[in-house]
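*Asks:* Heads up, the sequence shown is in our numbering, so the first residue is 120 and it goes up one at a time. Virtual Cβ for every residue (Gly too), placed ideally from N, Cα, C. Source: prediction; values computed, not measured.
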Amino acid sequence: MKASKKCPHCHQWSPWNQDVTDRCVHCQSLLDPAAFERQQAQEERKQEEKERFSVDFIQIDPSDSAFTKFWKSIGLGFQMAFVGIVSFILWLIALLAG
Ligand SMILES: [Zn+2]
């Protein structure tokens, strides 16, 4: 059976795929504006998280001394490990959140 939803705008019944982007066939307004806004907010939060976890990796300059290169590569190793752990946690959260 196809789902239908009462349009919050024109109060007529409209076919509904339970999708947040579904629009009323009568007045073209969103059938579930609250869910749509929730999804928009979620997208924005995801974007913010992505920006927060973007790491500026240490740049190893070819003109650096062997000593500097050595310490920089250790620092880079830590950065890589950190990014790996954070990505794993984010992946786990996404998995648990379904
Ligand atoms: Zn409508």
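Using only Cβ atoms and a threshold of 5 Å, which residues come within that distance of a heavy atom of ligand 1? Order them by chain position.
*Replies:* Result (chain order): C126, H128, C129, C143, H145, C146.
*Asks:* Buried or exposed: which applies to C129, given that a residue is buried once 16 or more other Cβ atoms fall within 10 Å of its Cβ?
*Replies:* Taking the first residue of the sequence shown as position 1, residue 129 is located at position 10. Result: exposed.
*Asks:* Helix, strand or coil: how does DSSP classify L150 here?
*Replies:* By 1-based counting over the sequence shown, the position of residue 150 is 31. Three-state DSSP puts L150 in coil, outside helix and strand.
*Asks:* Just to confirm the assignment, what range does the beta strand (DSSP E) spanning S123 have?
*Replies:* Position 4 of the sequence shown, counted from the first residue, corresponds to residue 123. Element bounds for S123: 123-125.
*Asks:* With respect to the alpha helix (DSSP H) encompassing S206, which residues constitute its N-terminal and C-terminal limits?
*Replies:* Position 87 of the sequence shown, counted from the start, is the residue given in the question as residue 206. It spans 185-216 - the alpha helix (DSSP H) in which S206 sits, taken as one unbroken run.
*Asks:* Give every residue of the same chain whose Cβ lies closer than 8 Å to the Cβ of C126, excluding the five residues on either side of it in the sequence, and list them in chain order.
*Replies:* As a first step, residue 126 must be located in the sequence shown, where it is residue number 7. Around C126: W132, S133, C143, H145, C146, S148, L150.
*Asks:* Residues in the same chain with beta-carbon distance under 8 Å from A122, minus the five sequence neighbours each way, listed in chain order, please.
*Replies:* Numbered from its first residue, the sequence shown carries residue 122 at position 3. Once the five neighbours on either side are set aside, the close Cβ partners of A122 are P134, W135, N136, Q137.
*Asks:* With a threshold of 6 Å on Cβ separation, who are the neighbours of G194 within its own chain once the five nearest residues in sequence on each side are excluded?
*Replies:* Counting from 1 along the sequence shown, the entry for residue 194 is found at position 75. So the list reads I177, once near-sequence residues are dropped.
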